[in-house]
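In full-length UniProt numbering, the protein residues as written are 1 to 325.
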C-alpha cells in the first residue's frame, strides 16, 4: 500500500488553536535569566544600587550572636563536631545532606515545618512566568493557629499550599545543596523564597496595620547550606518590604546578608554558625506568633455582634468566631 502524503492542511504541525494550548515554559532558578527577572520585578539583589537595609538590621545581628547552652563545649564536643564533618563529607546528594548533616545544624524544633512542598496556592510574586516556589524547608504556623476568617480572606496571600492542612504564613526557609550543587542556584532560590516570605508577612501586617504595614523591618529570613568539596558554607539572610516610588512596583522586597560561616573552619566557628541559625529561626517563629496574635485579636473584635438578643443565644453564637489559642 502506497504511503499517503499529507497535504498542507493535513500537516502534523499543530494548528494555531493547538499551539495556543502548548504551555509556556516557566523560568526556574536554573535559568540565567532568573536573577534579572526578580530585579525587574522589584526584588533587590545584595549588591544592587537601589537595595535597602532593614531598620532592625543591628538588632537581628545581635540575635544571631546569642549563645546557646546546647552548644557549649561541654554539650557539643570536638567528637560531636568530627561526627558532623564525617556525615557531611559522606553526603553524595542534596537528599543525603537534608537527612544527615543538616539536622545536626538545625537541631530539634517544635516549629511547624515541611520539606520540598510546592507553593501552589500563593498569588504570583512577579508576572506568573516563574516556576512555583518549592523550598527545601520552610517554617510556618499550624493553620488552626490563625482565625479561619483570616485564612479565607487572605487565602492566596498567606496559605502556601492547596493542601490546607500544611503550615501557613511561611517566613523562614532553608535551601541546601550537595557536593555537586550550584551556589548560584542556591542563592537564587533563597532570594525567591525570602521575598515570598517577606510578602506573606507584609500581607498579614496590612490586615493588622493597614497604615503602617511596611515599616522597613525584616520579618522573613532564610539560610543556604552548601555541602561542597571545598568546604561547607552556611549563609543567613533577612528580607523586608519597602515603599517605592516605582509606579510599577510600589512595594519592593530587599535581601540582606546577615552573616556567613565556613563550617569546616573548626568547632568554634561551627558553634557560632549553628547558634546563629537556630537563633534567627526562633526569632522568625516569634515574629509569626506575635503577628498572628495581633491578627486574631483584630478578627475577634470585627466579629463581635453589635447587640445580642437574650432569646437568640444559639443563633448569635453561630455568627461568633473566636481566635484560636
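Think of the CB as a built atom: it goes at the ideal place given N, C-alpha and C, for glycine as much as any other residue.
Treat the numbers as computed from the prediction; the structure is a model and nothing was measured.
So residue i and residue j are supposed to be a Cβ contact under 8 Å. How far apart are they, rounded?
i           : j           : result
residue 229 : residue 179 : 5 Å
residue 132 : residue 118 : 5 Å
residue 258 : residue 238 : 5 Å
residue 112 : residue 101 : Their Cβ separation, rounded to whole angstroms, is 23 Å, which puts residue 112 and residue 101 out of contact at 8 Å.
residue 147 : residue 299 : 4 Å
residue 45  : residue 255 : 7 Å
residue 124 : residue 288 : No, residue 124 and residue 288 are not in contact; Cβ-Cβ is about 23 Å, not under 8 Å.
residue 105 : residue 225 : 7 Å
residue 51  : residue 150 : In fact, because the Cβ distance is near 32 Å, the residues do not count as touching under 8 Å.
residue 54  : residue 214 : Actually they do not touch by this definition, with Cβ atoms about 11 Å apart.
So, is residue i buried or exposed, given that buried needs 16 or more other C-beta atoms within 10 angstroms?
i           : result
residue 140 : buried
residue 40  : exposed
residue 212 : exposed
residue 129 : exposed
residue 153 : exposed
residue 67  : exposed
residue 109 : exposed
residue 191 : buried
residue 21  : Any reading at residue 21 needs caution, since the residue's pLDDT is 46, under 50, leaving its predicted position unreliable; the model's value is listed next. Burial call: exposed.
For a test of the three-state rule: what should DSSP assign to residue i, helix, strand or coil?
i           : result
residue 252 : strand
residue 326 : Within the shown structure, residues of the chain are numbered from 1 to 325, placing residue 326 beyond reach of any answer.
residue 232 : strand
residue 187 : helix
residue 218 : coil
residue 168 : strand
residue 242 : strand
residue 327 : Only positions 1 to 325 of the chain appear in this structure, which leaves residue 327 out of reach.
residue 55  : coil
residue 21  : Reliability fails at residue 21, whose pLDDT of 46 lies under 50, so the model's placement of it is uncertain and the value that follows must be treated cautiously. Here residue 21 sits in coil by DSSP.
residue 279 : helix
Quickly, what does DSSP pair residue i with across the bridge? List them, please.
i           : result
residue 174 : 137, 223
residue 257 : 237
residue 43  : 253
residue 27  : 130
Which complete beta strand (DSSP E) runs does the region 66-154 hold, if anything under 3 residues is left out? 112-114, 137-141
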